[in-house]
Amino acid sequence: MQETVFPFSLDDVAERARARLHPEARPDPEDGAYGDLAIAGMNPRAETLELAKPAAVLVPLIARPEGVTVLLTRRAATLRQHSGQIAFPGGKIDQEDDGPLGAALREAEEEIGIDRAKVQPLGFLGPYFSSTGFRITPVVGLLAPDVRLTLNAGEVEHVFETPLAFLMDPANHQTHQREFKGEMRSYFAMPHGDHYIWGVTAGIIRMLWLRLYAPRVF
Numbered sequence: 000m001q002e003t004v005f006p007f008s009l010d011d012v013a014e015r016a017r018a019r020l021h022p023e024a025r026p027d028p029e030d031g032a033y034g035d036l037a038i039a040g041m042n043p044r045a046e047t048l049e050l051a052k053p054a055a056v057l058v059p060l061i062a063r064p065e066g067v068t069v070l071l072t073r074r075a076a077t078l079r080q081h082s083g084q085i086a087f088p089g090g091k092i093d094q095e096d097d098g099p100l101g102a103a104l105r106e107a108e109e110e111i112g113i114d115r116a117k118v119q120p121l122g123f124l125g126p127y128f129s130s131t132g133f134r135i136t137p138v139v140g141l142l143a144p145d146v147r148l149t150l151n152a153g154e155v156e157h158v159f160e161t162p163l164a165f166l167m168d169p170a171n172h173q174t175h176q177r178e179f180k181g182e183m184r185s186y187f188a189m190p191h192g193d194h195y196i197w198g199v200t201a202g203i204i205r206m207l208w209l210r211l212y213a214p215r216v217f
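The sequence shown: position 64 = 63 (numbering that gives the first Met the number 0), numbered continuously.
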């Protein structure tokens, strides 16, 4: 008798990741430029995409008895940019990094003390273009449940886990608007409890849903 694989269990998520995530980082978008401007219904200029600075984030998944969760951070309130916002660990790709994977693992170690030996990479999403001029490569990785975290107080003030089942439910993908550089922009938001997940982080989560769970894989 074949064992039933429940949605959002580790077995199901790992199977989908192997089948649908990219095994290597892709520097260029597959079907247009996905990101802040695309979500807002705008077409970014080609030169804007070419000038985007390379960055990477780790999308950390943890297998819990009740289902897979996603680890997120709240950026320190003292930071000059994006202070207090919900984010994935990550940042700019340095010349010394071994590509997006190396950058994502280094940043995760620097920000919240994740030992890279405790991360099992599952694959890559395509690039996400932020309105602040970055081409972000999301690296989806599985963390050991016993991973120990040490927060860099200068960068991160809090970490928390959100059920993957909540984030992968499109009913929770709200569309909000706010003014940015003198014009109204639409963006995704996924409020959960006391946490307002929005902007680039919510856009990447939406991208993960499109890749793993949407009826049509893009």
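For glycine and all other residues, C-beta sits at the position ideal for the given N, C-alpha and C.
This one's a predicted model, so the numbers in the text were calculated from it and none came from an experiment.
Going by DSSP in three states, residue 91 sits in which element: helix, strand or coil? strand
Query - With 16 other Cβ atoms within 10 Å as the buried cut-off, status of residue 77 - result: exposed
**Residue environment, residue 57, which counts as buried when at least 16 other CB atoms sit within 10 Å** = The C-beta of residue 57 has 16 or more other C-beta atoms within 10 Å across all chains shown, which makes the residue buried.
| Terminal residues of the beta strand (DSSP E) in which residue 59 lies | 52 to 63
| Nearest-angstrom Cα distance between residue 217 and residue 48? | With a pLDDT of 48 at residue 217, under the threshold of 50, the modelled position of this residue cannot be trusted; read the value that follows with caution. Distance between the alpha carbons of residue 217 and residue 48 is about 19 Å.
*asked:* Taking only three categories from DSSP, how would you classify residue 99?
replied: Looking at residue 99 - three-state DSSP - the assignment turns out to be helix.
**OP:** Please report the residue range of the alpha helix (DSSP H) in which residue 199 lies.
**Re:** 198 to 211
Item to complete: Compute the Euclidean distance between the alpha carbons of residue 25 and residue 161, then round it to the nearest angstrom.
Response: Between residue 25 and residue 161, the C-alpha separation is close to 27 Å.
- Between which two residues does the alpha helix (DSSP H) carrying residue 15 extend? 9 to 19
Can you look up residue 110 in the DSSP assignment and give me helix, strand or coil?
It is helical.
Run the CB neighbour count on residue 183, radius 10 Å, all protein chains shown included, and call it buried at 16 or more, exposed below. So residue 183 counts as exposed.
Taking residue 119 as the reference, which of 157, 103 and 129 has the closest Cα? 103
**Prompt:** What residue range is occupied by the uninterrupted beta strand (DSSP E) comprising residue 71?
**Reply:** 66 to 74
In terms of residue numbering, what span does the beta strand (DSSP E) encompassing residue 188 cover?
-> 182 to 188
### Task
Give the straight-line distance between the Cα atoms of residue 37 and residue 64, rounded to the nearest whole angstrom.
37 Å
Open item on the list: Give me the residue from 129, 92, 140 and 42 with the minimum Cα distance to residue 62.
Closed with: 140
**Message:** So the candidates are 148, 121, 193 and 153; which of them puts its Cα closest to the Cα of residue 11?
**Reply:** When each option's Cα is compared against that of residue 11, the closest is 121.
- request: Pick out whichever of 138, 179, 165 and 145 has its Cα sitting closest to the Cα of residue 203.
  value: Selected option, being the one with the closest Cα: 138.
| query | Ends of the beta strand (DSSP E) at residue 142? | reply | 133 to 142
Could you check what DSSP says for residue 0 in three-state terms: helix, strand or coil?
Confidence is the limiting factor: at residue 0 the pLDDT is only 36, short of 50, which leaves the residue's position unreliable, though a coordinate-based value still follows. Three-state result, residue 0: coil.
For this session: Please name the residue, chosen from 136, 142 and 50, that lies closest to residue 111 on a Cα-to-Cα basis.
Result: 142
* With burial defined as no fewer than 16 other Cβ atoms inside 10 Å of the residue's Cβ, what is the status of residue 177: buried or exposed? -> The residue is exposed, with fewer than 16 neighbouring Cβ atoms inside 10 Å.
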